[in-house]
Each structure stands twice: as C-alpha cells, then as structure tokens.
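Notes for the one structure printed next.
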Amino acid sequence: MKKKEYDYMMTYSPYDNVEAKDYPNMLITTGYFDSQVQYWEPQKWMAKLRDMKTDDNLLVMHVNMEAGHGGKSGRFRRYREVALEYAFMFNLAGIKRK
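When we follow the working numbering, the leftmost residue of the sequence shown carries the number 8, and every step to the right adds one.
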C-alpha cells in the first residue's frame, strides 16, 4: 500500500479519528460472528471513545452473540435488533413504556 492510499484510509478510520471532544449518545452494536468487523474492533473503538470523550452522554454497547455482519438471520430475529435500537432512541426522547 502506498502512503497516499494509507493517508486517505486514515481519514475515514473511526478508531483513528477519535479525539477529545463531545460525542452524541451512541448505541454501538456488533455481531460475535461478524467476518467483516471482528467483535473486538467496536469494543476497542468504544474504549477509546470512553477515554477521550469530554461529555456525559450515553455510550452503550450491545454484542449480539448469535449474529454476523448483517445481524441475526431468520424471519423475525432482525426485528429484535431493530427493537433494541428503537428502545435506545425512545429512552433518549423520554418515552417510557406504559
């Protein structure tokens, strides 16, 4: 790899672009069986975010122990992941379950 390509890739590397600043509330999700992004890579990114961020916003991680890169497979399993994302957003908006 040439330096020009390496420098370009570094411009969009999530891990290498973490800096000391405020970040929004985040739900970071990963799949244990993801062959594209190994499960420890989001955890490493989250650890760096926790170390560097300057705010008190939520930083939550969910590791789906049955999922790959595209999430869980199966007719209804994907809906559980979507429900988790909605629950995170509803909680931030102050919407409570009745």
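Glycine included, C-beta positions come from ideal geometry on N, C-alpha and C.
{"Item": "Proximal residues to Tyr19 (C-beta, below 8 Å), its chain only, five neighbours per side dropped", "Value": "none"}
{"Item": "Simplified DSSP state of Leu66, which is helix, strand or coil", "Value": "strand"}
{"Item": "Collapsed DSSP secondary structure at Thr36 in the structure displayed", "Value": "strand"}
{"Item": "Three-state secondary structure assigned by DSSP to Pro21", "Value": "coil"}
{"Item": "The alpha helix (DSSP H) enclosing Phe97, as first and last residue numbers", "Value": "84–99"}
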